[in-house]
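What follows is a set of notes on a single structure, which appears directly below.
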Amino acid sequence: MTDLTVQPAREGLDLGARVRGVTLAGLADEGLRTELVALFEERGLLIFEGVEPSSEMQVAISTVFGPLKDHPSKATPRVGDGDDLLGVIEIRHDPAKGGMVQVGDQLLSQWLPWHFDHCYNDELNRAGVLRSVEIPSEGGRTGFVDGIALYDAVSPDIRERIEGETVRYAMDVILENLEYARPDGFTEVRQSAQAQGVMDEYADRPLALHPAVWTRDTGEKVLHVSPWMAKGIAGRSAEEGDGLLHAVCDEIVAAARDLSYFHQWTPTDMVVWDNWRVLHSVSGMPPDQPRCMHRTTIAGDYGLGRFEAV
Ligand SMILES: [Fe+2]
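Residue numbers (the working numbering): 17 to 326.
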């Protein structure tokens with residue numbers, strides 16, 4: 017029997033829980049697995065603290081929440097090549113050749129806007145699990161914000177106008193192309209080494225469509241719009257759709273200032289988040305520092321996405 021310690025990610029936030037006491041051996045216990053799934057459904061984000069820092073542990077935690085799914089992009093680097101590590105991808109920043117953006121007067125690497133993963137796909141993976149294997153001395157924090165809280169936080173006018181709309185998404189890892197919620201003075205100074213390979217791989221794919229608001233089985237409405245990779249609103253003219261999407265994305269960024277949780281990584285943490293409910297982002301870090309994250313993708317689908325007819 018495993019004794020779990022569960023605390024809020026931070027006081028006053030409904031999103032997230034810190035969990036201590038999970039071990040590789042303990043995860044064999046079906047009762048513990050059921051408890052963790054229930055906590056995940058309720059809190060949307062679990063921060064496992066003090067866990068063994070290995071790929072084996074990452075896969076063991078991941079499979080509590082569903083089967084692993086290989087990453088859809090073949091150009092994304094994998095960790096190891098054994099079947100046991102299926103789907104553990106590496107997100108590495110190499111100071112000599114990594115991507116870099118300018119936000120205001122700051123040069124940053126690993127900066128990413130608010131998004132949900134696989135928005136460019138018809139299927140939306142259930143969850144992701146992240147751990148940090150190389151941590152910069154400052155920055156590189158991963159932010160999370162709950163779509164349930166965002167739905168309640170945006171202005172009534174925006175909520176009414178965006179409900180029922182469908183957002184168009186395309187794989188687009190060229191940050192210079194960021195259209196929505198683009199920070200003031202934002203420029204991509206250098207693309208990441210993998211960016212063009214990913215763009216080439218996806219050049220002929222249709223755009224994906226996902227509802228801006230959806231309702232969970234438990235009844236809560238989720239505002240689920242990814243400013244990153246959004247390309248407009250389906251069935252709306254550019255003037256009509258773009259104005260609304262800009263307004264929604266700007267309100268998401270503003271609301272996230274109060275509602276988000278930013279995780280400062282340590283070597284023995286792993287974080288799982290609900291990709292159907294939670295948006296995430298990366299705070300950016302000094303470009304001269306290395307950073308390496310390992311991520312798994314957990315299969316599943318909420319059944320509401322599709323590809324645009326071509
Ligand atoms: Fe992501």
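Just so you know, even glycine gets a beta-carbon here, dropped at the ideal spot from N, CA and C.
The beta carbon of residue 245 lies closer than 8 Å to those of 131, 135, 136, 185, 186, 187, 188 in the same chain, with the five residues before and after it left out. In this model, residue 290 and residue 64 are separated by some 14 Å (Cα to Cα). In the three-state reduction of the DSSP assignment, residue 245 falls in the coil class.
Relative to the Cα of residue 276, the nearest Cα in the group 165, 49, 154 belongs to 165. At the C-beta level, residue 170 and residue 239 come within 9 Å of one another. Your pair residue 242 and residue 128 does not check out as a contact, with CB atoms roughly 11 Å apart and the cut at 8 Å.
In this structure, residue 252 sits away from residue 107, with a CB-CB distance that is not shorter than 9 Å.
DSSP places residue 227 within a strand segment (E or B) once states are collapsed to three. Residue environment for residue 80: buried (at least 16 other C-beta atoms within 10 angstroms of its C-beta).
Residue 208 sits close to residue 115, with the two beta carbons spaced by under 9 Å.
With a cutoff of 9 Å on beta-carbon distance, residue 60 and residue 85 are scored as not near each other. Between residue 21 and residue 42, the gap from beta carbon to beta carbon reaches 9 Å or more. Here the alpha carbons of residue 144 and residue 183 stand approximately 22 Å from one another. In chain order, the residues positioned with their C-beta nearer than 6 Å to some heavy atom of ligand 1 are 131, 133, 296. For residue 221 and residue 322, the gap between their C-alpha atoms comes out near 12 Å. Counting only residues of its own chain and dropping the five nearest sequence neighbours on each side, residue 147 has a CB closer than 6 Å to the CB of 74, 286, 310.
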